[in-house]
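In UniProt numbering, the protein residues as written are 1 to 1068.
Note that beta-carbon positions come from the ideal geometry of N, C-alpha and C, so glycine has one too.
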Amino acid sequence: MAVGATYLWIQLNANSINGDGPIINREVEYRTVSGTMYDLQPVDKTSHKIGHLDPDTEYEISVLLTRPLEGGTGAPGPPLRARTKCAEPMHEPQQLKVVDIKARQVTLRWEPLGYNVTRCHNYSLTVQYRARGGGKEESREEAAHGSQHTIHNLSPFTNLSVRMLLRNREGVKESPEIHVQTDEDVPGEVPLDSIQASVYEDKILLKWREPAQTFGIITQYEISYKAVSSFDPVLDLSNQSGKVVKLGNETSHVFLGLYPGSTYSFTIRASTAKGFGPPAITQATTKISAPSMPAYDQETPLNQTDSTVTVVLKPAQSRGAPVSVYQVVVEEERPRRARGGEAEILRCYPLPVHYHNASWLNSQYYYSAEFPSAGISSPQTFTVGDNRTYGGYWNAPLLPHKSYSIYYQAVSAANGETKIDCVRVATKGAATHKPNAVEPEKQTDHTVKIAGVIAGILLFVIIFLGVVLLMKKRVHTAYSVCVCVCVCVWETLNSTRQEMTVMVNSMDKSYTEQGTNCDEALSFMDTHNLNGRCESHTHTLVQSHTHTHSSHTHSLRKREAVDVPYHTGQLHPAIRVADLLQHITQMKCAEGYGFKEEYESFFEGQSAPWDSAKKDENRMKNRYGNIIACAYQSVFQPDYICSKLPKHDGVGRVFSLSAGPMQETAIDFWRMMWQENTATIVMVTNLVEVGRVKCCKYWPDDTEIYRDIKVTLIETQLLSEYVIRTFAVEKRGAHEIREISQFHFTGWPDHGVPYHATGLLGFVRRVKAKSPTNAGPIVVHCSAGAGRTGCFIVIDIMLDMAEREGVVDIYNCVRELRSRRVNMVQTEEQYVFIHDAILEACLCGDTTIPANQLRSVYYDMNRLDPQTNSSPIKEEFRVRPAQYFSERPNQLSGRFKDIISIDLIRPVLETENIRLSYKQPSAFIVTQHPLPNTVKDFWRLVLDYHCTSIVMLNDVDPAQVRPMLLGFVSADLEEDIISRIFRIYNAARVRGLHLKRVVFGPVRNGGGRSGTFCAISIVSEMLRHQRSVDVFHAVKTLRNNKPNMVDLLVLTHSSLTTQLLLLTTTKP
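Here is the structure:
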């Protein structure tokens, strides 16, 4: 017998039949043992399958035999009992939901499971869940019964991922995972070791950390305080108590109006929505204050003689500690230089000086008396100079020919502190009669002082005259050098050289080779009036020189130090946009003071306190130990996430700077996003660079809960050089959904710069256009939050300044950023790149055209100027990048020796690097039409890069491009386009071509028509996604990678505009 879940195979035993006569009919009778199910089936073979049975059910089976005529049907044979197997569950537990949520337990409910679902009487139901909280994740499972289960012993405010498993002997079915968060509970105690008290005389600054176990969102802190004792027994402390409430994100408070020298008890409790947790109690004692001296309306003594002065001594008011002693101080008045507009500052006398020691100590004062506090309990008179001793101090007679001031001071001491307050109670003038002799020492001192003043004045005049003469000499030398250079270059320049070409050529050189073309740029500046693409379209940058010095020769490769107007390192004024090209060229070429020296003048390292960074709870939140936020700039205390920059004048954006989030800080990062009402994140790093993790993936692919913040990815827009992600963000307890956009620039290497600034400038403009003006600060981060982050912010601020004021102040902007966060703009290369990027933005401008304005703008740009016989479209086309040449060996692979791709974007073959193509971020490979000796390389390139389409834009005989293992499939002619289909194989790997979305475009010179084709494709894609076009940006990007891309002005713009105008008339 064979047994299945829904069938039984039985075998009839013919030897067990009793009686005589033939068997004319066989039937099988079967019924359930525990049920009422019954059925009868005919059998015509010795083996029979009984089907459509229920799984895991016991059946009783009998056989009925029938003979002819009177034999009839006999009684059933002995019954056979058999049980079917269990079957795999029909489906998973359904309608799983949470019916009750508490702080430490969650109750689940699901649809009841019947036999028709379990398909087995013996099955198990299991609840599996993962609990995530406090940076830890724990997985558990529990057996469940019935249709409801409660998970106990959970931690409050913990994220749970729960699923149900239905399991029997034949299989398992899992339910979809549901996510839930346990309810909040009262928090734990505020850590006692985190409470810090900074004490003053009448206030205490109290700081603390949130509880280690928050069990929810801390909504507020309650701090109760009460004075418990004082050093001054007469103080009434009954009114020194109170209670303050602070918000959940505030962990400090200043208690004002306290009594000096008093001890206060503080009780701190944290609260969530569920109530207050246990209290933490600490004590702190204020500092004592100096006694309050009584008021003296006038400084006239009661009585005065040539050697004595009688004054009134009054008791002082204690402040925090009893007065210990009173002292009378006599100070000799000496002539002082008058200080106009400055009030006299009264200084007390803490150091005791006896009259006998005053002379050799050169002290102007001495103690004449000291009294215990009990000795002056009421006002009493005292005669200064009565030649008696008080408290160990001799009250010597006053000298008649000298002037004195009499001071009265009180001293309080407690808890290791000593405070003194004093008041002048009388003055005594010198006697009117002339003294007998003048002290010779004083006469000598007076003479020396006069001589010193005269010598100082003479020295200042000599230095001033020397500086004036030196400056005149330097100006004359600089002018002569400038004239020589200009005359020499004027004779060598071609008169037909285009102005904008040189400007952008000098800017677009690889930033690792800056300065190689300085002489050409400087000479061009000296001989032309440059037209910049700025606010005022005609700025005269440098005046032409007409002096000639034919006998003078000057090396164009070794230029002498140029007199740079911003070279002092001390004064860095803003630079006019019209002078920016001149300034950058001079800084790159000058040997005395250039970008290297200017960058090295920036302060390195810490420039502000790092108190928050040094806290234990924040040390692990710093990705790099040497780049952390300053205490006064850190955001989201005490979680300490990033630095916040204030709004710059005229710039409507505020930036928050952050290092790339780590797994430990992702929750804090999103909480900061919500707290600061941020709508824009700018990310200028990749997750992994050169095999090192630079930033964790802090965003979800779908939906993720970061403690009390739920983040959902709505849209991802992939562009050639950056990615735009849009998130919906919700906060538990807040009835709103916010939209946050992340702009992720992917083409910026760590500690380096992009190869060209064109893409980054477009990225900056896109961020600026898409950032809401009413939102919170824009959060910018790279890996360390210093180099690339600083570059982005400086470029953004300077572009606004250039547009608004016509000047840029890059040096002072970088210096200000570095004063707020360590090492912003980390390398000299990045500092130079900022200048070049801003220069490119000023020269090229923003050439984006809305789709609805394309037709009118195109016609305006084609309008010729009758005076210059030129048009705006021609001038724009002349702004082209420089050409980059490769090494000599691979020029044999090129059809034209002057049209060669740069190494950075050239595809690499598996066996050899040929120089006939490059790789474009938008998935184009552009190449020259292959030569006979490069045909094999051409097809290897097609195979290695999985190209599925080849666009050929010339009429060369296709028979030249047949490799050995190439099979022709079919050809089709449609109007003026021939479509051929080939099948290509690699003999070594024996595999066919795999489909990829790559377009491969050979053309005769690999430039003009291919560039036009790529440009039309790129701009068309931009039009579909952004409803705007930027022909200039597309063409310049292509020419950055290959100089001859798009080489025909009329064809290019006519083709592009015709295609775009057709697209703009079609609804998207």
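Residue i versus residue j: straight-line alpha-carbon distance, rounded
i, j, result
"Ser34", "Val3", "19 Å"
"Phe745", "Arg1039", "21 Å"
"Arg130", "Thr158", "10 Å"
"Leu8", "Glu58", "11 Å"
"Val1035", "Ile1016", "9 Å"
"Glu222", "Leu154", "27 Å"
"Glu736", "Ala728", "10 Å"
"Pro872", "Lys1042", "24 Å"
"residue 1098", "Glu739", "The shown model of the chain, from 1 to 1068, leaves out residue 1098, and the question about it has no answer."
"Val796", "Ile178", "The question names Val, but residue 796 is Asp in the sequence shown. About 44 Å."
"Val411", "Lys207", "32 Å"
"Met672", "Tyr115", "52 Å"
"Thr285", "Lys246", "22 Å"
"Met798", "Arg104", "54 Å"
"Gln380", "Asn395", "17 Å"
"Met90", "Ala734", "42 Å"
"Leu817", "Thr585", "25 Å"
"Gly242", "Val228", "13 Å"
"Tyr407", "Cys422", "7 Å"
"Val425", "Ser265", "41 Å"
Residue range of the unbroken alpha helix (DSSP H) whose run includes residue i
i, result
"Tyr811", "Ile810 to Arg820"
"Phe938", "Val935 to Asp944"
"Cys1014", "Gly1008 to Gln1026"
"Met662", "Element bounds for Met662: n/a, residue is neither H nor E."
"Lys428", "Lys428 -> not in any alpha helix (DSSP H); beta strand (DSSP E) instead, spanning Glu417 to Lys428."
"Trp670", "Ala666 to Gln675"
"His1033", "Val1031 to Asn1041"
"Asp836", "Glu828 to Cys844"
"Asp800", "Gly787 to Glu805"
"Leu854", "Leu854 to Met861"
"Glu597", "Phe595 to Glu600"
Nearest neighbour of residue i, chosen from the options [CA to CA]
i, options, result
"Leu581", "Pro294, Ile838 and Leu718", "Ile838"
"residue 1069", "Thr118, Arg692, Ile681 and Pro749", "The question about residue 1069 has no answer, for the chain in this structure spans 1 to 1068."
"Thr107", "His145, Thr118, Leu113 and Tyr264", "His145"
"Ser324", "Asn387, Trp110, Asn852 and Glu417", "Glu417"
"Tyr30", "Lys49, Asp44 and Ile24", "Lys49"
"Val825", "Ala87, Arg26 and Gly787", "Gly787"
"Gln11", "Asp185, Val942, Ile420 and Val63", "Val63"
"Pro322", "His354, Cys813 and Ser377", "Ser377"
"Arg119", "Thr665, Ile978, Thr6 and Gln717", "Thr6"
"Met164", "Asn122, Gln213, Val98 and Ile849", "Val98"
"Val690", "Gln213, Glu676 and Pro749", "Pro749"
Residue i: first and last residue of the uninterrupted beta strand (DSSP E) it sits in
i, result
"Arg725", "Tyr722 to Lys731"
"Glu332", "Val323 to Glu332"
"Gly171", "Gly171 to Glu174"
"Thr107", "Val106 to Arg109"
"Thr263", "Ser262 to Thr272"
"Gln582", "It is not in any beta strand (DSSP E) - Gln582 instead sits in the alpha helix (DSSP H) that spans Leu580 to Cys589."
"Ala144", "Lys136 to Ala144"
Closer than 6 Å: residue i CB and nearest the ligand GTP heavy atom
i, result
"Val186", "As for the ligand GTP, it is missing from this structure, which has no ligand bound."
Any C-beta of chain C under 7 Å from that of residue i
i, result
"Arg855", "The structure shown contains no chain C; it is built from a single protein chain."
### Query
Can you list, in chain order, the stretches of the alpha helix (DSSP H) that have 4 or more residues and sit fully within the stretch 749–784?
758–770
Practice problem: Say whether the stretch 250–269 touches the stretch 223–236, bearing in mind that this needs 3 or more beta-carbon pairs closer than 8 Å, one atom from each stretch. | Solution: yes
- [ ] Scan the stretch 344–405 and note each continuous beta strand (DSSP E) run of 3 residues or more that stays entirely inside, going in chain order.
- [x] 365–372, 380–384, 388–390 and 393–395
*Fully enclosed by the stretch 161–242, which beta strand (DSSP E) runs are 3 residues long or longer?*
171–174, 178–181, 196–199, 204–207 and 220–230
Can you confirm whether the stretch 354–373 touches the stretch 292–312 when touching is taken to mean that 3 or more C-beta pairs between the two stretches lie within less than 8 Å? no
Under 8 Å: do the stretch 769–786 and the stretch 701–717 share three or more Cβ pairs, one atom per stretch?
no
Could you tell me which uninterrupted beta strand (DSSP E) segments, each at least 3 residues in length, are contained entirely in the stretch 20–61, listed from first to last along the chain?
25–32, 38–43 and 47–50
> Pairing CB atoms from the stretch 280–296 with CB atoms from the stretch 187–201, are three or more of them under 8 Å?
Replying inline: yes
**Message:** Is it the case that the stretch 265–283 contacts the stretch 397–413, given that we only count it when at least three CB pairs across the two stretches are under 8 Å?
**Reply:** no
Pairs of beta-carbons, one from the stretch 657–667 and one from the stretch 693–700, closer than 8 Å: are there three or more? yes
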